[in-house]
Amino acid sequence: MSTYYQIFGGKVNAVSSDPANPVKGQVWFNTTSAAMKYESATTAGAWAAGGNMATARRFLAGAGTQTAGLAFGGGTPGPVLAATEEYDGSSWTSGGNLGTARYLLEGAGTQTSAAAFGGGTPSVTGVTEEYNGTSWTSGGTMATARYSPLGTGTQTSALAAGGEPPVTGITEEYDGTSWTSGGTMATARYASAGAGTQTSSLAFGGLTPSTTGATEEYDGTSWTSGGTMGTARSRLAGAGLQTTALGSGGFTATAVTAVTETYNGTSWTADTSMSTARAQLAGCGTQPAALAFGGFSTANTAATEEFTGAGSPTTKTVTAS
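Heads up: the sequence shown is residues 29 to 349, going by our numbering.
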């Protein structure tokens, strides 16, 4: 019988603990657990519980990454909130409050350099604020005040598109000081999600006012049609880039959903659903490392979930057949 060494030209190392950073295809024997292990790659994404937010809320906005996330605004649904929270990959801590408490707003950027725009106080507003990791300061006001736009990009290169009332496809671009007009969306909508940058954005889902799964791609000048989502929905969370996006949760025409889909620049594919079905939530991060937080399930929630995309490394134990 051939040995592993004869087949692969390498020995199975005996170690007392698993390697800190194993590579795909690496095999070892853990003497402590008396188990043969190997490093593989996941074939589907997975959601895992993260630390709960201090304040359960819906209609909030988010920015940043899975290990440096930002949550701001929203409703409880009583008071409109100005509260900001920062995520470090494990837990949330308080940040500086928004100058203008609001809900149904959107955001862009990072934990230390974010933009918040639009929403309601509850009156509809076009107010923009900028976050520096400690406090919010006033930025340029949007030309079109609106509830529930989508937002993408960075603090100094942001995009806002769609919203209501009335339902619109108007797009505006922010340079860190002022907003200017961009190309109008083909499908006017609100309560949709976005991903990407100001010059390479993705818009998906939302209300027209009917629930839609339509996707559009922005090149910095105009919007063109992309692949339609498998599950049409509104008030979902978005993350990632135009060619590697993630859409999760939301309202279908009949129910709250936990469905997650990934986009490859052409089409959407169903992936592992979130543990908690919810809508009116926020998201941030990338397709292989996303964050979803807050929202409404059967009540407002503070739950946070972390997504690890397919293809990520994972350690498996060899078992007898």
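Beta carbons: idealized from backbone N, C-alpha and C, even for Gly.
Q: Say whether the stretch 37–57 touches the stretch 307–320, bearing in mind that this needs 3 or more beta-carbon pairs closer than 8 Å, one atom from each stretch.
A: no
(Q) Within 10 Å of its beta-carbon, does Pro-193 have 16 or more other beta-carbons around it, so buried, or fewer, so exposed? (A) exposed
Q) Buried or exposed: which applies to Val-108, given that a residue is buried once 16 or more other Cβ atoms fall within 10 Å of its Cβ? A) buried
Q: Throw me the rounded Cβ distance for the Met-257 and Trp-207 pair, which I believe falls under 8 Å.
A: Contact doesn't hold; Cβ gap of about 28 Å is too wide.
Q. Considering only residues of the same chain and omitting the five flanking positions on each side of Asn-125, which have a CB-CB separation below 8 Å?
A. Ala-110, Ala-111, Thr-112 and Trp-164
Q: Just grab the DSSP bridge partners of Phe-100 for me.
A: Ala-89 and Thr-112
Q.
Let me make sure I understand the geometry here. Which of Ser-151, Ser-119 and Gly-117 has the alpha-carbon closest to that of Ala-129?
A. Ser-151
Q: With DSSP collapsed to three states, give me the class of Ala-320.
A: strand
**Q.** Alpha carbon of Ser-209 to alpha carbon of Glu-200, nearest angstrom
**A.** 5 Å
Q: Could you say if the stretch 57–69 and the stretch 320–334 meet the contact criterion of at least three C-beta pairs nearer than 8 Å?
A: no
Q. Which one of Ser-166, Ser-276, Ser-295 and Thr-294 has the shortest CA to CA distance from Ala-286?
A. Ser-276
(Q) Please tell me whether, using a cut-off of 7 Å, the distance from the CB of Thr-259 to the nearest non-hydrogen atom of the ligand SAH is below it. (A) No copy of the ligand SAH occurs in the structure displayed, which carries no ligand at all.
Q: Using three-state DSSP, classify Val-40 as helix, strand or coil.
A: coil
Q: Kindly indicate the opening and closing residues of the beta strand (DSSP E) around Phe-232.
A: 228–232
(Q) I'd like to know whether the C-beta atoms of Met-81 and Ala-99 end up nearer to each other than 8 Å. (A) yes
Q: For Asp-247, count neighbouring C-beta atoms within 10 Å of its own C-beta (all shown protein chains included) and say buried if the count is 16 or more, exposed if not.
A: exposed
Q.
As a quick exercise: from Gln-308, Glu-244, Leu-269 and Gly-254, pick the residue whose alpha carbon is nearest that of Thr-294.
A. Gly-254
Q) Going by C-alpha distance, which of Thr-182, Ser-228, Gly-103 and Ser-118 is nearest Gly-147? A) Gly-103
(Q) Report the CB separation of Thr-182 from Ala-231 in whole angstroms; it is logged as a contact under 8 Å. (A) Not really, about 17 Å apart at Cβ, beyond 8 Å.
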